Amino acid sequence: MDLRKIVPLLLIPPLVFSLIKYLPIIQGKKRNDRTPETANNVGGESSSTSNTCNSSPDKWKHDVFLSFAGSDTRLNFTDHLYDAFIRSGIRCYKDDVDLQRGEDIDNLLQEIRDSLCAVLVISQNYAKSRWCLDELETAVKSRENLGRKVFPIFYNVNPSDVRHQQGSFRKAFADLEKKFKGNTTKVESWRSALSKIGNISGAETRGKHEATLVKNIVGDVWGFLSAKLPSFDNNLVGIDSKVVDVISLLEIGLDDKRFVGIWGMGGVGKTTLARVVWKKLSDKFQFCYFLENVKSILRTKDLVSLQESLLSRLLRKEDLNISDSHEGMGMIRQLLHNKKVLLVLDDIDHVSQLEYLAKSPDWFGEASRIIITTRDSHLLTSIGAQGIYKMNTMDDDESLQIFSKKAFNKNHPEEKYLEYSKSVVKCVGGLPLALESLGAYLSGRKEEALWRDALGKLKQIKGYEGVLQALKLSYDGLDKEEQTIFLDVVCFFKHWKKREVTQILKGCELKAILGIKVLIEKTLLVETEFGELHMHDLYEDLGWYIIQQKSPISRLWKFEEIKKVLKNNKGSREIEAIVSNNHFRRVGDKIEVIQDKMEVHPEAFSDMSGLKLLYFSSIVEVVPEGLKKLSCALKCIHWPCFPLEALPLPLDELVHIEMSHSNMKQLWNGIKSMNHLKFIDLHGSPNFTETPDFSNVQFLEHLRLSWCKSLIKVHESLGVLKKLVEVDLRKCENLNSLPSKLETESLRKLDLGRCKNVKKLPEFGEGMKKLSYFDACETAITSLPESLGFLTGLRYLNLSETSLVNLSTDCFSSLVELVYLSLERCNWLVSLPRLPQRLIRLEAGGCSSMEHSLDKQMLNLVTSLDHACRGQTKYVISEEEEEDMLFPYDKEVEDNISLLDELKRVEPQYQPLKNFIAIMPSGGEIPSWFDPNIEYYDEERDECEIEVEVPSNFHDSIWSGIIVCLHLERCGGMLSWGFKAPKDDKYNGWAGAANCLFSFYAEDGLCVIVLEFNEKTCWQHLKGDNNSLHIQLSPGLDILGGRLGILGYGWRMICKEDIQHLCHPNHFDHFTQPQHALESEVELPFKLVRRVLGDQL
């Protein structure tokens, strides 16, 4: 079972987990790299408003390598910056996330060379770490030799100190010169690299807000990446010569400021050409932005929002607040007049838009370039554009290639359809969008009669309306539901998230998932990388054209029109949908935000017998008389803060009710026939007291009533709904009555979390095998029903902070799919049951009644695990042929040492091999029995290197290995170690304790590691006359997420005689070297060592 597939299912962010004492450790989930997305546009204009792309080409592994000094910034600035990179879709390499145990510095430095740019967080202690300096040096070399980009961040340091190695850097290099006195070349190369970084302009953190700084840095990196990420022009037909022509008009390299226009008819490819040029030139400008679809955006937004978008994206500022468009003009001129800008303003249709966005070249700094796409050539001449490029239609060969790509999925037509294809190209006249649309329409259609019919229609088209008629062939090829979805998107849902649109349309009983998929395949819609639905403006025009021909008032979306109809009772049966999403009003050439609320007449919906969709996104007031009725045909209603106390009935066709934070006390009284209703969401409704009788709501799938603080009772009838998938009652604090039994066989999610008055859970039916998520945390339950065992598909179970006393072993043993169980702070719980074999995460911290017995229970759990699950649980981990376990020890519970005796009774495949680790609270220093000789210690990486002089007779059987003792700052995490001969460049033979069987967590503790001589680890390095062995020990992350700090360290060679005496506690004074009695504080860890190594003598 792959954890990466499980975590999203559980709906739990990894950092939410609180891992406390006795909490087993699980390996961190490795990020899934996003797969590169290749644009399929082959000549038409792009429909996406995105200015960047989340994908990265295969020629580099990472977008960013993040170098930092962990002691300074790991848990604050660097953590926030890394999170911002990941959330922005930037693939960022961070060593404590991505570096695999056992990888050495060479692997790490290769990751820098495999990254497109490096972000170096230079802080006070940066130069104290040779790892950081190696990273910095490699980043500088990659910049010089490979053309990589370096972004220095001077974190609370002066760039001058970095450049000249002053301040903390002076002391760091003085220490380095002492440590590497035999290798001055290395130190000088670090100095040189640091000086070069200090000369690069970078971000300085002093006196700046961290949140703003992080946003600006991410913006700078995105600005660089956007020009480097893969362009889609490789699949475009006839684009290269056009790009060369436009770039020649821009005259890059001159210091003047130039406006260049690209004009042509709609659908000819202006946006596509502008975007390719923009991407090719972006790396030559510090400030770049592509403002797409200006005309379309201004249908729903005002110029102020565009001004804010332009400035925020160019300057990477998120807190801009422009009061009106005139102030915005001044801000653009003031903030950009000294900056070298590359700006594309796409689809400008009125000169007033330019007046507010880019009135004059003087608004921008020297060498700036502004590209404008438009259908109006006069607009370009009126502003005095220095260059104008006329975008002509495609020639016949190019047109045939574009059409063939869509119709036949290759560059040329099939022989049988060659003449038909040439006729289509001749009729369309070289318009890429129409060619793509027709190609998609005819793709897969083998009947020649269909081709002849399409050609007959095409030969009749003329002018712009003819272009729309050509596009309409694709619309006519859709079924009725797909046509409805297309028109709804045109009117209501452009730039909406596909997920939201799908949910609304499903509420209208439309096959939304399939329908949207078909529209995307037919090129009528485009889904952006952000999951939004966009369309080309020609298709938008087509939608308006069809609606005007069909019924101009079938859909209402303009706020003023909706307000007039509802307030004055002007509705009619022709109205099918009302969607009020963005409230704007056009005043001349301006669009203003509407602040006033909408008022609804009592009879407003009485004559709307055809209304199926009613969607309000904000507060809509109803007159005191209330609503007399809603449309009986209504299928989907979305009305937040609904002002009435109940729904006006009848609503027999209703499928989807979404009325969060409403004033409703109840949905309806008694039993109502609601045979179509599938979705109810009233979350956050403070006055809702009781659910209705669901007896005649047999198709209900989703019931969301979370945070309904007055809800007391859920009707008994809910328990028998066979189609129910989700019940969310979270934080219903006064809920005390649930159905006595649930027999909802389709139920997948049940959330009762934080329902503090729920004292008893329902019984569960034998058929409830699909329930995978059950949360009952912070309820008042004291026991679990035995029928919980029927939930054999359960994966996530949260019982934390409940009053449970005992857990039934029989019940839990049936939960064969359970991977997550939380019992945190169950203060009355005294024991654990025998848990399922597939369990991956157990949270049992703060269970005060069973803390002293939990170790034994954990061991019992491990011995019951199926061997097939070993490598997937957090209790035992296999690494090739070697396994290492971390064992707890508590001074106050010395009897726990018997646990190790019990381990010997575990079947051989479950027993720890070779290396062994023991951890316990230290209470003192490293015992003097250990040799403190450490060759090198890196404070930043918390790694130590030990040079061991191995006796010449180490091949003799008397020698067993090496014991290393570490005094760790925190205990309970990962450790790894590697070996090399002095002359070797890197360590290998890595091994380690990557996970815990179960752990003792303390503020600090001693860690004793027994490293046996064997072929896999160190033996291979002791060849010829070499008797020196270097060992590097590297602690990883502890259970709370921080790195394990090394406070002290020591080592010792051990032989059989040592182990024999370790196994006889009365003879601690007979060790072979050095001859010291063992101090009392080291006796405890060696009791553990004796128990494991005794049988190996």
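All residue numbers for the sequence shown refer to the UniProt record's numbering, where the first residue is 1 and numbers rise by one.
For every residue, glycine included, the Cβ atom is placed at its ideal position computed from N, Cα and C.
Since the model is a prediction, treat every value here as computed from it, not as a measurement.
For residue i, I'd like the list of residues in its chain whose CB is within less than 7 Å of its CB, leaving aside the five on either flank, ordered along the chain.
i, result
"residue 219", "316"
"residue 46", "Below a pLDDT of 50, predicted positions are generally treated as unreliable, and residue 46, at 34, falls in that range; the measurement from the model is reported next regardless. Here the set comprises 271, 272, 275."
"residue 180", "186, 187"
"residue 693", "670, 671, 715, 717"
"residue 137", "189, 190, 193"
"residue 289", "51, 310, 313, 314, 343"
"residue 1074", "Confidence is the limiting factor: at residue 1074 the pLDDT is only 33, short of 50, which leaves the residue's position unreliable and the question unanswerable from this model."
I'd like to know whether the C-beta atoms of residue i and residue j end up nearer to each other than 7 Å.
i, j, result
"residue 538", "residue 266", "yes"
"residue 963", "residue 1052", "yes"
"residue 763", "residue 739", "no"
"residue 687", "residue 710", "yes"
"residue 637", "residue 667", "no"
"residue 388", "residue 372", "no"
"residue 119", "residue 66", "yes"
"residue 793", "residue 772", "yes"
"residue 695", "residue 725", "no"
"residue 492", "residue 544", "no"
"residue 559", "residue 386", "no"
"residue 433", "residue 424", "no"
"residue 603", "residue 569", "yes"
"residue 580", "residue 616", "yes"
"residue 701", "residue 678", "yes"
For residue i, which residues from the same chain have a beta carbon less than 8 Å from its beta carbon, with the 5 sequence-adjacent residues on both sides left out?
i, result
"residue 801", "777, 778, 824, 825, 826"
"residue 609", "573, 631, 632, 633"
"residue 498", "516, 527, 531, 532, 533"
"residue 520", "526, 527"
"residue 205", "77, 153, 154, 155, 156, 213"
"residue 547", "487, 490, 491, 554, 555"
"residue 1015", "Any reading at residue 1015 must be qualified, since the residue scores a pLDDT of 42, below 50, and its modelled position is unreliable; no value is offered."
Within its chain, find whatever has a CB closer than 6 Å to the CB of residue i; leave out the 5 residues flanking it on each side and keep chain order.
i, result
"residue 846", "824, 825"
"residue 167", "161"
"residue 622", "600, 643"
"residue 61", "114"
"residue 147", "none"
"residue 727", "703, 750"
"residue 407", "439, 442, 443"
"residue 203", "153, 217"
In terms of DSSP beta bridges, what is residue i paired with?
i, result
"residue 742", "764"
"residue 533", "527"
"residue 727", "703, 750"
"residue 263", "374, 390"
"residue 978", "1032"
"residue 616", "580"
"residue 203", "153"
"residue 224", "None; residue 224 has no bridge partner."
"residue 621", "599"
"residue 572", "DSSP output for residue 572 lists no bridge partner at all."
"residue 252", "254"
- Message: So, does the segment 157-167 touch the segment 194-213, judging by three or more C-beta pairs under 8 Å?
- Response: yes
- Message: List, from N- to C-terminal side, the beta strand (DSSP E) runs of 3 residues or more that fit wholly inside the segment 640-713.
- Response: 656-658, 679-681, 702-704
- Query: Going along the chain, which unbroken runs of the alpha helix (DSSP H) with 4 or more residues stay wholly within the segment 279-330?
  - Reply: 294-297, 303-315
- Would you list, in sequence order, the uninterrupted beta strand (DSSP E) runs of no fewer than 3 residues that lie entirely inside the segment 353-422? 369-374, 387-390
- Query: Is it true that the segment 243-257 meets the segment 107-119, where meeting means three or more beta-carbon pairs spaced less than 8 Å apart?
  - Reply: no
- Message: Between the segment 498-518 and the segment 299-311, can you find at least three pairs of beta-carbon atoms closer than 8 Å?
- Response: no
- Task: Say whether the segment 288-304 touches the segment 322-334, bearing in mind that this needs 3 or more beta-carbon pairs closer than 8 Å, one atom from each stretch.
- Result: yes
- Do three or more CB pairs link the segment 283-302 to the segment 413-429 at distances below 8 Å? no
- Message: So within the segment 97-185, which uninterrupted alpha helix (DSSP H) runs reach at least 4 residues, ignoring any that extend past its ends?
- Response: 105-113, 130-146, 159-164, 168-179
- Task: Would you list, in sequence order, the uninterrupted alpha helix (DSSP H) runs of no fewer than 4 residues that lie entirely inside the segment 777-840?
- Result: 809-813
- Task: Count the CB pairs spanning the segment 397-410 and the segment 362-377 that are closer than 8 Å, and state whether there are at least three.
- Result: no
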